[in-house]
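Undergrad: Below you'll find the structure I mean.
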């Protein structure tokens, strides 16, 4: 729509044409005084200087922003061009300027890659390179391709389209809302209409992950550590727009970690996981070893390692069972059947 | 020299973000200076000094901090030019959420934090709406969902801006921000003749002039009343 055409529309008719505009108009305080069925051109003639100044309103800025918003939202909703089928990293250099130890690193949806290396070795920089879709213009000189092509600039600059979603141990819910209201708010911000079924699915996934169940009416700030993490994971899997999920450790307590990864990969996410936990590291299809600020090597998880993982899983299970038994007041025996 | 104006609500993390970004600019061999505008008190100048960034501070005291900003920014810019900075960062708090100390053709950054509440983007006026870059901080301590909801709120208010997440503590995102702060083509040698992006609130009433008594008969000048009946 051209600017001239938009001026002939009323806010109401624009919302009917582009439902996503309701969030934009909600932020326009000056509008509340006027009849939303009047064309914008008429509204502009009604607003006097004092009102304009009060609400910091400027017609040209308003129109520019409105046009921007419509254009971007249409691109966002209508097109498949923001589906990521492959993410590629082309090597750069480490802190000493040496070339990184790989030719080309590829990630596809539904795969898990773990990232291992000492603290401060450059894990955050790797994540930042992906998030910023580096084009040789970051300290590592890495390049990121999306679907084997140079990425659209929107990945870098758009407020509404971020490549990477993050889950870390430090995160907490801070909003004062029930689980259901919270998920509705998230769905609304994503322009998801008719979100009821999706919200139920998120809650049931989260309840599968956390040992102790919560209801849709529980306040998110009242969830236990495990429940919060479970909800964050289920929500990120089903409602986040970002195709890549970066996990910074999943704590061992109160959450089924294997299932958490299955839920994420089941929703076509590319999962990257920074971890010091051997079990998590081996759950991945491949792992990136980081040293001195660069990728030192990329290792595919071998059959032998998988066999070792099975052993670790048994030990992990045993520990979980002992934890459960202790919590319920049991006296433990040296030999426990698992 | 590039002038960059950075503003945002108090405690949103402006200084931390600037310090991390400045570190990256310095690594590129650029000379960075700073000026801190505040109301009553600030220790941020010490933080800049500690980081080896020459700094000037201005406290508005009993004056409107944004009016104080406009009346001083030109002199501060002249200081920056004298010092041969490549980038001069001006930091000021948007105290009443109405103002934007942004200047046309001068890069404007608004720093706002995830903890400030979901309706905050709508409550902040031109300071957010007219920024070129919106930096969202404290994303490491809230959930991904809250980050997305908050960013969508910012986006609805300012769809044209570059919206970035920067962690003021770890510096994540600060390198990326720093690449947007210096631009060869945006060099200035004076602010004379430039204009604010938006007018500041006008207020000239008896209280501006020192009146302390409460009551109708003491109120003169630009006074406005709540409409209690039709509220």
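Residue numbers (our numbering), protein chains in the order written: chain A, 1 to 338; chain B, 1 to 231. Built from N, CA and C at the ideal position, the CB exists for glycine as well. A quick note: this is a predicted structure, and the numbers were derived from the prediction, not measured.
#1: Go to residue 189 of chain A, then tell me how far its alpha helix (DSSP H) extends in each direction, as first and last residue.
#2: Excluding sequence positions up to five away, which residues of its chain have a Cβ less than 7 Å from the Cβ of residue 260 of chain A?
#3: Which ranges does the alpha helix (DSSP H) cover as unbroken runs of at least 4 residues, wholly within the stretch 45 to 118 of chain B, from first to last along the chain?
#4: Taking only beta-carbon positions, decide if residue 186 of chain A is within less than 7 Å of chain B.
#5: Rounded to the nearest angstrom, what separates residue 96 of chain B and residue 135 of chain A at their Cα positions?
#6: Using DSSP's beta-bridge definition, name the partner residues of residue 165 of chain A.
#7: I think residue 198 of chain B touches residue 130 of chain B, with their Cβ atoms under 8 Å apart; what is that distance to the nearest whole Å?
#8: Output the boundary residues of the beta strand (DSSP E) element that contains residue 38 of chain B.
#9: Give me the DSSP bridge partner(s) of residue 115 of chain A.
#10: Determine, for residue 66 of chain B, whether the minimum Cβ-Cβ distance to residues of chain A falls below 7 Å.
#11: So, are the CB atoms of residue 312 of chain A and residue 279 of chain A less than 7 Å apart?
#12: Got a sec? Which residues, its chain only, sit under 8 Å from residue 168 of chain A by beta carbon, not counting five neighbours each side?
#13: Please report whether the beta-carbon of residue 174 of chain A lies at a distance below 7 Å from any beta-carbon of chain B.
#14: Just checking: is the beta-carbon of residue 85 of chain A within a distance shorter than 7 Å of some beta-carbon in chain B?
#15: Pick helix, strand or coil for residue 157 of chain B, following the three-state DSSP scheme.
#16: With residue 107 of chain A as the anchor, note down where its beta strand (DSSP E) starts and where it stops.
#17: Return the chain-ordered list of same chain residues with a C-beta closer than 7 Å to the C-beta of residue 298 of chain A, the five sequence neighbours on each side being excluded.
#18: Using the beta-carbon of each residue, which ones in chain C are nearer than 9 Å to residue 139 of chain A?
#19: How many Å lie between residue 100 of chain B and residue 128 of chain B at the Cα?
#20: When DSSP builds the beta bridges, which residues end up paired with residue 6 of chain B?
#21: Starting from residue 233 of chain B and walking both ways along the beta strand (DSSP E), at which residues does that stretch end?
#22: Within 7 Å (strictly less), CB to CB, does residue 162 of chain B reach chain A?
#23: Could you check whether residue 170 of chain B and residue 13 of chain B sit closer than 7 Å to each other, using their CB atoms as the reference points?
#24: Using a 10 Å radius around the Cβ and a threshold of 16 neighbouring Cβ atoms, would you call residue 334 of chain A buried or exposed?
#25: Answer with yes or no whether the minimum CB distance from residue 27 of chain A to chain B is below 7 Å.
#26: Measure from the C-beta of residue 232 of chain A to each C-beta in chain B and report whether the shortest distance is under 7 Å.
#27: Pull up the DSSP beta-bridge partners for residue 135 of chain A, would you.
#28: What does DSSP give as the partner residue(s) for residue 298 of chain A in the beta ladder?
#29: What are the boundary residues of the alpha helix (DSSP H) that includes residue 88 of chain A?
#30: Can residue 233 of chain B and residue 90 of chain B be called in contact, C-beta distance under 7 Å?
#31: Could you check where the alpha helix (DSSP H) with residue 174 of chain A kicks off and where it finishes?
#32: Less than 7 Å separating the beta-carbons of residue 151 of chain B and residue 20 of chain B?
#33: Under 8 Å, with one C-beta from each stretch per pair, do the stretch 51 to 70 of chain B and the stretch 159 to 167 of chain B reach the 3-pair mark?
TA: With the given structure in hand:
#1: Numbered from its first residue, the first chain carries residue 189 of chain A at position 189. First-last of the alpha helix (DSSP H) with residue 189 of chain A: 179 to 189.
#2: For the purposes of this step, residue 260 of chain A is identified with residue 260 of the first chain, where counting begins at 1. Counting only Cβ-Cβ distances below 7 Å, and skipping sequence neighbours, we find 209, 233 and 250.
#3: Counting only unbroken stretches of 4 or more residues, the alpha helix (DSSP H) elements lying wholly within the stretch 45 to 118 of chain B are 65 to 82, in sequence order.
#4: In the first chain, the residue the question calls residue 186 of chain A occupies position 186. Yes, contact with chain B.
#5: Here residue 96 of chain B refers to the residue found at position 96 of the second chain. Here residue 135 of chain A refers to the residue found at position 135 of the first chain. The straight-line gap from Cα to Cα measures roughly 40 Å.
#6: Residue numbering aside, residue 165 of chain A sits at position 165 when the first chain is read from its first letter. Within the DSSP bridge table, the entry for residue 165 of chain A names A/245 as partners.
#7: Counted from its first residue, the second chain places residue 198 of chain B at position 198. Counted from its first residue, the second chain places residue 130 of chain B at position 130. About 6 Å; that satisfies the 8 Å criterion.
#8: Sequence index remark: in the second chain, residue 38 of chain B carries index 38 (1-based). Counting along the chain, the beta strand (DSSP E) containing residue 38 of chain B begins and ends at 32 to 38.
#9: Taking the first chain and counting its residues from 1, the one referred to as residue 115 of chain A is at position 115. Residue 115 of chain A pairs with A/274 and A/288.
#10: By one-based count along the second chain, residue 66 of chain B stands at place 66. False, the Cβ-Cβ gap to chain A never drops below 7 Å.
#11: In the first chain, residue 312 of chain A corresponds to position 312, counting from 1. In the first chain, residue 279 of chain A corresponds to position 279, counting from 1. In contact: residue 312 of chain A and residue 279 of chain A (Cβ atoms closer than 7 Å).
#12: Position 168 of the first chain holds residue 168 of chain A. Correct list, in chain order: 247, 248 and 249.
#13: Stepping through the first chain from its first residue, residue 174 of chain A is reached at position 174. When Cβ-Cβ separations below 7 Å define contact, residue 174 of chain A makes contact with chain B.
#14: Numbered from 1 along the first chain, position 85 holds the residue referred to as residue 85 of chain A. No, because no Cβ of chain B sits closer than 7 Å to the Cβ of residue 85 of chain A.
#15: Within the second chain, the letter at position 157 stands for residue 157 of chain B. Three-state result, residue 157 of chain B: helix.
#16: For the purposes of this step, residue 107 of chain A is taken as the residue at position 107 of the first chain. The continuous beta strand (DSSP E) containing residue 107 of chain A extends over residues 105 to 107.
#17: The sequence position of residue 298 of chain A within the first chain is 298, counting from 1. Scanning its chain for C-beta atoms nearer than 7 Å, with the 5 sequence neighbours on each side dropped, one finds around residue 298 of chain A the residues 102, 105, 286 and 288, in chain order.
#18: Reference to chain C is not applicable here, since the protein chains of this structure are A and B.
#19: Here residue 100 of chain B refers to the residue found at position 100 of the second chain. Here residue 128 of chain B refers to the residue found at position 128 of the second chain. Roughly 8 Å separates the two Cα atoms.
#20: As a position in the second chain, residue 6 of chain B is number 6, starting the count at 1. Partner(s): B/91 and B/109.
#21: In the structure displayed, chain B extends from 1 to 231; residue 233 of chain B sits before or after that span and is not available.
#22: Against the second chain, residue 162 of chain B aligns to sequence position 162. Flagged as an interface residue toward chain A: residue 162 of chain B, by a C-beta distance shorter than 7 Å.
#23: Within the second chain, the letter at position 13 stands for residue 13 of chain B. Within the second chain, the letter at position 170 stands for residue 170 of chain B. No. Outside cutoff.
#24: Locating residue 334 of chain A in the first chain gives position 334, where the first residue counts as 1. With fewer than 16 other Cβ atoms within 10 Å, it is exposed.
#25: Here residue 27 of chain A refers to the residue found at position 27 when the first chain is read from its first residue. The beta carbon of residue 27 of chain A falls within 7 Å of a beta carbon belonging to chain B, placing the residue at that interface.
#26: Within the first chain, the letter at position 232 stands for residue 232 of chain A. True, the Cβ-Cβ gap to chain B drops below 7 Å.
#27: Walking along the first chain from the start, residue 135 of chain A turns up at place 135. Residue 135 of chain A is bridged by DSSP to A/143.
#28: Residue 298 of chain A sits at position 298 when you count from the first residue of the first chain. DSSP links residue 298 of chain A through a beta bridge to A/288.
#29: Translated into positions along the first chain, residue 88 of chain A becomes position 88. DSSP places residue 88 of chain A in no alpha helix (DSSP H) but in the uninterrupted beta strand (DSSP E) bounded by 87 to 90.
#30: Coverage of chain B is limited to positions 1 through 231, which leaves residue 233 of chain B absent and any answer about it impossible.
#31: Taking the first chain and counting its residues from 1, the one referred to as residue 174 of chain A is at position 174. Counting along the chain, residue 174 of chain A falls outside any alpha helix (DSSP H), and DSSP gives it neither H nor E.
#32: Counting from one through the second chain, the residue named residue 151 of chain B turns up at place 151. Counting from one through the second chain, the residue named residue 20 of chain B turns up at place 20. Taking 7 Å as the cut-off, the Cβ atoms of residue 151 of chain B and residue 20 of chain B do not count as close.
#33: Taking 8 Å as the limit for Cβ pairs, the verdict is that the stretch 159 to 167 of chain B does not touch the stretch 51 to 70 of chain B.
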